[in-house]
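Participant:
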Amino acid sequence: MRDGFADRTNDEFLQEVLSKVNELRARHGSSLLTLDPELVAYSKSRASFMAERTKLTHDDLRADTGENGSWAGASTGPTAGSGTAAVNSWYSEVSNYDFATGNPIDPTKAIGHFTALVWKNTTKLGVGRVAGQGTKWWETFIVANFSPPGNVGGQYVMNVGPAS
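Sequential numbering from 549 applies to the sequence shown in my numbering.
#1: If I follow the unbroken beta strand (DSSP E) through K672, where does it start and stop?
#2: With DSSP as the reference, identify every bridge partner of L583, one or two as the case may be.
#3: With three or more C-beta pairs closer than 8 angstroms as the rule, is the stretch 644 to 660 touching the stretch 624 to 634?
#4: Going straight from the alpha carbon of T613 to that of P652, what length do you get?
#5: Return the chain-ordered list of same chain residues with a C-beta closer than 6 angstroms to the C-beta of S596, the five sequence neighbours on each side being excluded.
#6: Distance check for S591 and A574, CA to CA, integer angstroms please.
#7: Please determine if the stretch 705 to 712 and the stretch 665 to 678 are in contact, where contact requires at least 3 C-beta pairs separated by less than 8 angstroms.
#8: Taking the alpha carbon of L583 as the reference point, which residue from T602, D559 and L572 has its own alpha carbon closest?
#9: Closer than 6 angstroms by C-beta to G674: which residues in its own chain qualify, once you throw out the five before and the five after it? Chain order, please.
#10: Compare the C-alpha of V642 against each of A633, G631 and A658 and name the closest.
#11: Roughly how many angstroms separate the alpha carbons of F662 and V635, rounded to a whole number?
#12: Classify V705 as buried or exposed, calling it buried when 16 or more other Cβ atoms lie within 10 Å of its own Cβ.
This is the structure we're talking about:
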């Protein structure tokens, strides 16, 4: 395990992520999320946790919290990675989601990051970002936490609507 990276979460970053997430949620008929200060603090701790372990992981995720993680590397630094890029990466899984069945079109590919973003029952968002020099790259870990969490079995069709 290595030392954690510096917290690079600031108001501009928080608003960038919240705006992008809410834009995508509105597209799918989901209500807008609000930033929750406690979830922001938790997301910062989760980003640091992942940076220390050098991997994206849901290990030790507390109950009743959904989570999306993102890692980005750059050959030059110390610029922190983009929140919009992380959200767009999670959202890109929409192309594998079957809105009629609530299942992946290709079961070998993910849908969970996308569905967590637009899950209708979710009301709160927290997001955190840490960045620093890794062994090879300048690295950024971004973590979004959702409450209540999405991706509840048997509830996909009613909570993940098609874009309008």
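Ideal Cβ positions, reconstructed from N, Cα and C, are used throughout, including at glycine. Quantities reported herein were computed from a predicted structural model and do not represent experimental measurements.
Facilitator: Result, derived from the coordinates:
#1: Unbroken beta strand (DSSP E) run through K672: K672 to Q681.
#2: DSSP output for L583 lists L673 as bridge partner(s).
#3: Too few Cβ pairs lie closer than 8 angstroms, so no.
#4: A direct Cα-Cα distance of roughly 22 angstroms separates T613 from P652.
#5: Hits under 6 angstroms: G552 and V678.
#6: One C-alpha to the other measures close to 23 angstroms.
#7: A contact exists between the stretch 705 to 712 and the stretch 665 to 678.
#8: Selection T602, D559 and L572 evaluated against L583 yields D559 as nearest (Cα-Cα).
#9: Only D584, L587, V588, Y590, S591 and N693 meet the Cβ criterion.
#10: Across the set A633, G631 and A658, the C-alpha of A658 shows the shortest separation from the C-alpha of V642.
#11: Roughly 9 angstroms between the two C-alpha positions.
#12: By the 10 Å Cβ count, V705 comes out exposed.
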